[in-house]
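> Questions regarding the structure given below will be posed in turn.
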Amino acid sequence: MALRSRATLARTSRCISRLSSSTTISSTPSQSCRLLLATQPFLSLPQTRYSSHSPLSAEPATATPARKETTLRNIKAMHERSEPITVITAHDFPSALVADAAGIEIILVGDSLAMVALGMEDTSEVLVEEMLLHCRSVARATKSAFTIGDLPMGSYEVSPEQALETAIRFVKYGRMKGVKLEGGRDMAPAIKRITAAGIPVLAHVGLTPQRHNALGGFKVQGRTAVSAAKVLDDALAVQEAGAFATVMEAVPTEIAALITPKLSIPTIGIGAGKGCSGQVLVQIDMLGNHPPGRLLPRFVKKYGDVWAESLKAIETYRAEVKSRAYPAPEHAYHSAKEETRLFRKTLSSIPDPERSRHYVA
Numbered sequence: 001m002a003l004r005s006r007a008t009l010a011r012t013s014r015c016i017s018r019l020s021s022s023t024t025i026s027s028t029p030s031q032s033c034r035l036l037l038a039t040q041p042f043l044s045l046p047q048t049r050y051s052s053h054s055p056l057s058a059e060p061a062t063a064t065p066a067r068k069e070t071t072l073r074n075i076k077a078m079h080e081r082s083e084p085i086t087v088i089t090a091h092d093f094p095s096a097l098v099a100d101a102a103g104i105e106i107i108l109v110g111d112s113l114a115m116v117a118l119g120m121e122d123t124s125e126v127l128v129e130e131m132l133l134h135c136r137s138v139a140r141a142t143k144s145a146f147t148i149g150d151l152p153m154g155s156y157e158v159s160p161e162q163a164l165e166t167a168i169r170f171v172k173y174g175r176m177k178g179v180k181l182e183g184g185r186d187m188a189p190a191i192k193r194i195t196a197a198g199i200p201v202l203a204h205v206g207l208t209p210q211r212h213n214a215l216g217g218f219k220v221q222g223r224t225a226v227s228a229a230k231v232l233d234d235a236l237a238v239q240e241a242g243a244f245a246t247v248m249e250a251v252p253t254e255i256a257a258l259i260t261p262k263l264s265i266p267t268i269g270i271g272a273g274k275g276c277s278g279q280v281l282v283q284i285d286m287l288g289n290h291p292p293g294r295l296l297p298r299f300v301k302k303y304g305d306v307w308a309e310s311l312k313a314i315e316t317y318r319a320e321v322k323s324r325a326y327p328a329p330e331h332a333y334h335s336a337k338e339e340t341r342l343f344r345k346t347l348s349s350i351p352d353p354e355r356s357r358h359y360v361a
C-alpha cells in the first residue's frame, strides 16, 4: 500500500531519527537489518515491479497493421487467382511471432524441429508430447496465419483411428488449426478419416523425410517417368481423400510444374521449383541461424545470417562484461542518497567474509 496513516508516518519518522543519530545500530547484523526494515517496511512504500525480462507480446509494436485471419477459404481463393501461398516453419513463440508479423499465410510446426530446435539426429526421434509443447507456444504467438502441426512418425501410420486420435490432440491440446502427415495413396484412408472429423489436412508427397530409410536416403523423387507417375498418383489420392493442399518435396521442377495443374488443390513446393502453388522453407535454414559449414539442401536460400549477428552480439556482451563496460549507469537501478547512507550505516556492524572480493561499484 502506498498510503500510510499519520500515526504510522510519525512512528517511522521517529525510528529513522533514532537510526540516523545512533552510532551503533544494533549488537548483531540480523538485528540491524530487522530494525532498518521495521523503520521502512516494504508494504508501506509505493511498489514498482521490475523484472529481469519482459514477456514478448503477440502484437509487437513494430508489426504491420493487423490483417485478417487466414482461413481455408482465403487459401483456396489465393490458389484460384494463382497467387503464391507462403509457408514457413516455426518451433516456438518468437519464431512464430516474427513469421506472423511478416504476413506469412501458413505457419507449420514441422517435425524438423527435432533437428533444428532439439538437436536430434532426424525427425523420427521426436515425440507427440514434444510436438504438442512446441505447437502450443506457436499458437500463442499466431494471430493471423493458419497454423499446421506436423504429426510425428509413429503417431498416425498404424490405422486411420490412430491418425484421428493424434490429430485431435494436435487441435485440442496443441491449439493447431490443422495437421500435416506424410504419405500418398497409402495414407489416403487416414486423411479421409481426419478430414471427416472436421480437421484440415495438409498432405506431403514426393520425398517423405520420415521414410528416408525406405527411400534409400534423402533423394529426389520423380526423376523417371515411372517415379513421376507415382508422385502424381499420390497427389491425386490425397486430394480425393480431402487434403486441402499437399507439400511436394524434392521433385524435379519440370515434373512438379506438370503435376500442379492436374490438381484442384494447391501444391506447396520445397525443392520442387517455382511451378508449385506456393513454397515452404524451414525458418532456421533460411535465416542462416546455424554454424558455418552446415550442409543444407540446394533449394535453401539464405535470406539472412542470424548466426553471425548473434555471435557478434554475444561476443561483444562477453567482452563488455569482462571489461566492466557493461552495465553502464543507464542500465542500472539507483537508490536515493539518504537510503544508501542508512544502508551503509547498517553494514558497518556486519563484518566482511573471509577472502571476499570487492568489485568496483
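In UniProt numbering, the protein residues as written are 1 to 361.
All residues carry an ideal CB built from backbone N, CA and C; glycine is no exception.
Treat the numbers as computed from the prediction; the structure is a model and nothing was measured.
Using the C-alpha atoms, what's the distance from Phe170 back to Asp285?
In a straight line, the C-alpha of Asp285 is about 25 angstroms away from that of Phe170.
> Between the Cα of Phe244 and those of Glu309, Lys177, Leu97 and Leu258, spot the shortest distance and give me the residue it belongs to.
Closest by alpha carbon: Lys177.
> Please state if the CB of Gly183 and the CB of Val201 are separated by a distance shorter than 9 angstroms.
No. Outside cutoff.
> How should Ile268 be labelled, buried or exposed, when 16 other C-beta atoms within 10 angstroms of its C-beta is the threshold for buried?
Answer is buried; the Cβ neighbour count reaches 16.
> Quick check: the Cα distance between Tyr156 and Met187, rounded to an integer number of angstroms?
Roughly 9 angstroms separates the two Cα atoms.
> Give me the Cβ distance between Val109 and Met131, rounded to the nearest whole Å; I'm assuming they're in contact under 8 angstroms.
So it is a contact: roughly 7 angstroms between Cβ atoms.
> I'd like to check one pair, Ala256 with Gly275: are the Cβ atoms closer than 9 angstroms?
In this structure, Ala256 lies closer than 9 angstroms to Gly275 by Cβ.
> Is it the case that the Cβ atoms of Pro209 and Asp92 are separated by a distance below 9 angstroms?
No. Outside cutoff.
> Return the residue from the list Ser264, Ile168 and Gly273 that minimises the CA-CA distance to Glu249.
Closest by alpha carbon: Gly273.
> Can you list, in chain order, the residues of its chain with a C-beta nearer than 7 angstroms to that of Glu83? Leave out the 5 residues immediately preceding and following it.
Closer than 7 angstroms at the Cβ level, and outside the excluded window around Glu83, lies no residue.
> Start and end of the alpha helix (DSSP H) containing residue 362?
Lying outside 1 to 361, the shown extent of the chain, residue 362 is not represented and no answer is given.
> In whole angstroms, give me the CA-to-CA distance for Thr346 and Asp305.
So the two alpha carbons sit approximately 52 angstroms from each other.
> Please report how far the alpha carbon of Ile314 lies from the alpha carbon of Glu161, in whole angstroms.
Those two C-alpha atoms are separated by around 48 angstroms.
> On the three-state DSSP scale, how would you describe Leu342?
Correct three-state label for Leu342: helix.
> Extract the residue ranges of the beta strand (DSSP E) inside the region 174-205, only unbroken runs of 3 or more that lie entirely within it.
Runs found: 178-180.
> According to DSSP, simplified to helix, strand and coil, what is Met120?
Reduced to three states, the DSSP call for Met120 is coil.
> In this structure, how does DSSP classify Ile350 when only helix, strand and coil are distinguished?
Reduced to three states, the DSSP call for Ile350 is coil.
> Reducing DSSP to helix, strand and coil, say where Met286 ends up.
In this structure, Met286 counts as helix in the three-state DSSP scheme.
> Enumerated in chain order, which unbroken segments of the alpha helix (DSSP H) with a length of 4 residues or greater are wholly contained in the region 254-315?
Fully enclosed alpha helix (DSSP H) runs of 4 or longer: 283-287.
> Please look up how many angstroms separate the CB atoms of Arg298 and Pro252, rounded, as I've assumed it's under 8 angstroms.
In fact, because the Cβ distance is near 12 angstroms, the residues do not count as touching under 8 angstroms.
> Under the three-state reduction of DSSP, which class applies to residue 362: helix, strand or coil?
Here the chain covers residues 1 to 361 and nothing more, so residue 362 does not appear.
> Who does Phe146 pair with in a DSSP beta bridge?
Ile106.
> With DSSP as the reference, please indicate the residues paired to Met248 in a beta bridge.
Met248 is bridged to Val205 and Gly269.
> Glu105 and Ala145 look like a contact to me (Cβ under 8 angstroms); what is the Cβ gap, rounded to whole Å?
With 8 angstroms as the limit, Glu105 and Ala145 qualify as a contact, their Cβ atoms being about 6 angstroms apart.
> Going by alpha carbons, who is nearest to Ile148 out of Ser124, Glu125, Arg175 and Thr123?
Measuring from the Cα of Ile148, the nearest candidate turns out to be Arg175.
> Report the CB separation of Gly278 from Thr89 in whole angstroms; it is logged as a contact under 8 angstroms.
Contact doesn't hold; Cβ gap of about 14 angstroms is too wide.
> My understanding is that residue 372 touches Ala203, with C-beta atoms under 8 angstroms, so please give their C-beta distance in whole angstroms.
Past the edges of the chain, shown from 1 to 361, lies residue 372, and the structure says nothing about it.
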